[in-house]
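K.L.:
Could you have a look at this structure, given as structure tokens, before my questions?
Numbering (this note's numbering), first residue to last: 896 to 1098.
Below is the structure:
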């Protein structure tokens, strides 16, 4: 499928919250999850709050690089970044570093509705021709794939559990906007919960 197809094949776009819920239900208990700002945080929280989830509140572009740092620090645990196309595009250069080091326990999941959902639904670059899978491969991530069918969730979950290769998944989603499920906005509490999940002291 070409970049142009991502703009016109609405029949191959998935319902966002259902996809996230199904993916989260398949993650191993020790998985560490970093969410991009906005919809990814709402959807991961709606799927069930987990101590090993770090919700980003406004750090646009930081989901992938934060997940990269975690993956390098904790190679024994699967690390998953769940982010949106707009947030991800803000920090797209992080893929260069990910491609250079390729931690096998890292998976980047990009929920791509081809819009900047948090700023008014303006068309994003992925709706204007940017092919994120080609970009990821160009940065040196061979295991880059496009998800257009719920049946692909099992394969993605297997890759996450296996921790054998850095995986990049662009998930084509609709522009539907389910009710917001807001995780706690207490940054200190969020940090302490996550540190505890890592077996670290809290302060």
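We put the beta carbon where it would ideally sit given N, CA and C, even for glycine. None of these values were measured; they are calculated from a predicted model.
Measuring straight from C-alpha to C-alpha, what distance separates residue 984 and residue 1006?
P.N.:
Stepping through the chain shown from its first residue, residue 984 is reached at position 89. Stepping through the chain shown from its first residue, residue 1006 is reached at position 111. C-alpha separation (whole angstroms): 12 Å.
K.L.:
Would you mind listing the alpha helix (DSSP H) stretches within the region 989–1043 that are 4+ residues and don't spill past its ends, in chain order?
P.N.:
Runs found: 989–996, 1027–1033.
K.L.:
Take residue 974 and list the residues in its own chain whose beta-carbon comes closer than 6 Å to its own, dropping the five residues that flank it on each side.
P.N.:
For the purposes of this step, residue 974 is taken as the residue at position 79 of the chain shown. 927, 962, 965, 966, 1000, 1001.
K.L.:
What are the start and end residues of the beta strand (DSSP E) that includes residue 927?
P.N.:
Stepping through the chain shown from its first residue, residue 927 is reached at position 32. First-last of the beta strand (DSSP E) with residue 927: 927–930.
K.L.:
Would you check if the region 1073–1085 and the region 938–956 touch, i.e. whether three or more CB-CB distances between them fall below 8 Å?
P.N.:
Contact holds: three or more Cβ-Cβ distances are below 8 Å.
K.L.:
Pairs of beta-carbons, one from the region 1041–1050 and one from the region 944–960, closer than 8 Å: are there three or more?
P.N.:
Segments in contact, no.
K.L.:
How big is the Cα-Cα spacing for residue 1067 and residue 1045?
P.N.:
Mapped onto the chain shown, residue 1067 falls at position 172. Mapped onto the chain shown, residue 1045 falls at position 150. If I take the Cα positions, the gap works out to 11 Å.
K.L.:
Helix, strand or coil for residue 1065? Go by DSSP, reduced to three states.
P.N.:
One-based indexing of the chain shown puts residue 1065 at position 170. Looking at residue 1065 - three-state DSSP - the assignment turns out to be strand.
K.L.:
If I'm right that residue 1091 touches residue 946 with Cβ under 8 Å, what's the distance once you round it to whole angstroms?
P.N.:
Taking the chain shown and counting its residues from 1, the one referred to as residue 1091 is at position 196. Taking the chain shown and counting its residues from 1, the one referred to as residue 946 is at position 51. Going by Cβ atoms, the distance from residue 1091 to residue 946 rounds to 6 Å, so yes, they are a contact pair.
K.L.:
What is the rounded straight-line gap between the Cα of residue 912 and the Cα of residue 1069?
P.N.:
Taking the chain shown and counting its residues from 1, the one referred to as residue 912 is at position 17. Taking the chain shown and counting its residues from 1, the one referred to as residue 1069 is at position 174. Approximately 10 Å between the Cα atoms of the pair.
K.L.:
Which residue comes first and which comes last in the alpha helix (DSSP H) that contains residue 1088?
P.N.:
Here the question's residue 1088 lines up with position 193 in the chain shown. Residues 1082–1092.
K.L.:
Could you name the residues of the same chain whose beta carbon sits closer than 6 Å to that of residue 1065, not counting the 5 residues immediately before and after it, in chain order?
P.N.:
For the purposes of this step, residue 1065 is taken as residue 170 along the chain shown, with counting starting at 1. For residue 1065, where only same-chain residues beyond five positions count, the Cβ hits under 6 Å are 1005, 1007, 1027, 1028, 1041.
K.L.:
So, for residue 993: in the same chain, excluding its five sequence neighbours on each side, which residues have a beta-carbon less than 6 Å away from its beta-carbon?
P.N.:
Here residue 993 refers to the residue found at position 98 of the chain shown. Cβ within range, chain order: 963.
K.L.:
Give the DSSP-derived three-state secondary structure of residue 959 in the structure shown.
P.N.:
Locating residue 959 in the chain shown gives position 64, counting from the first residue. Residue 959: helix per DSSP, three-state reduction.
K.L.:
In the DSSP assignment, what are the bridge partners of residue 950?
P.N.:
Residue numbering aside, residue 950 sits at position 55 when the chain shown is read from its first letter. Paired residue(s): 930.
K.L.:
For residue 996, count neighbouring Cβ atoms within 10 angstroms of its own Cβ and tell me buried if that reaches 16, exposed if not.
P.N.:
On the chain shown, residue 996 is found 101 positions in, with the first residue counted as 1. Per the 10 Å Cβ criterion, exposed.
K.L.:
Kindly indicate which three-state DSSP category residue 979 falls into: helix, strand or coil?
P.N.:
Residue numbering aside, residue 979 sits at position 84 when the chain shown is read from its first letter. Of the three classes helix, strand and coil, the one that applies to residue 979 here is strand, per DSSP.
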